[in-house]
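J.:
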Amino acid sequence: MDGSKINDKNVTEERLLSQGYRKYTGEGLDIYYSKDICAHIGNCVFGNPDVFEVGRRPWIITDNGSVEENIRVINTCPSGALKYIRKDGK
Ligand code: SF4
545 MDGSKINDKN VTEERLLSQG YRKYTGEGLD IYYSKDICAH IGNCVFGNPD VFEVGRRPWI
605 ITDNGSVEEN IRVINTCPSG ALKYIRKDGK
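Sequential numbering of the sequence shown, starting at 545, is according to the working numbering.
1. What does DSSP give as the partner residue(s) for residue 628 in the beta ladder?
2. When DSSP labels each residue in this structure, what does residue 550 get in the three-state scheme?
3. Can you tell me which of 582, 594, 617 and 601 puts its alpha carbon nearest to the alpha carbon of residue 607?
4. Output the boundary residues of the beta strand (DSSP E) element that contains residue 600.
5. Is it buried or exposed for residue 609, if we count other Cβ within 10 angstroms and need 16 for buried?
Dropping the structure here:
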């Protein structure tokens, strides 16, 4: 799943926040997460436990992973609970 899109459209922060996603700010990219959509399958935690760690607060620390690595892991999320917006406009 492409974490930069919803229904083939680029996500916007406004849309994600209005849909109940929480924002986890990073330097090169922001991660957004919806606990209501999360299917608790754990691909994110297996993908990079430095960034995604259940039980830690905050449970997502965006800058513990590089932009490209975070995108790779976010795109393995099968439910759409994880989204991202790059800050370099790519
Ligand atoms: S990969 Fe997506 S659905 Fe699975 S636990 Fe992480 S956020 Fe939830």
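A virtual CB, placed ideally from N, CA and C, is assigned to each residue, including glycine.
Computed from a predicted structure; not experimentally measured.
T.: The answer reads as follows:
1. Paired residue(s): 575.
2. For residue 550, the three-state secondary structure derived from DSSP is strand.
3. Taking only the C-alpha atoms, the option nearest residue 607 is 594.
4. Per DSSP, residue 600 belongs to no beta strand (DSSP E) and is neither H nor E.
5. Answer is buried; the Cβ neighbour count reaches 16.
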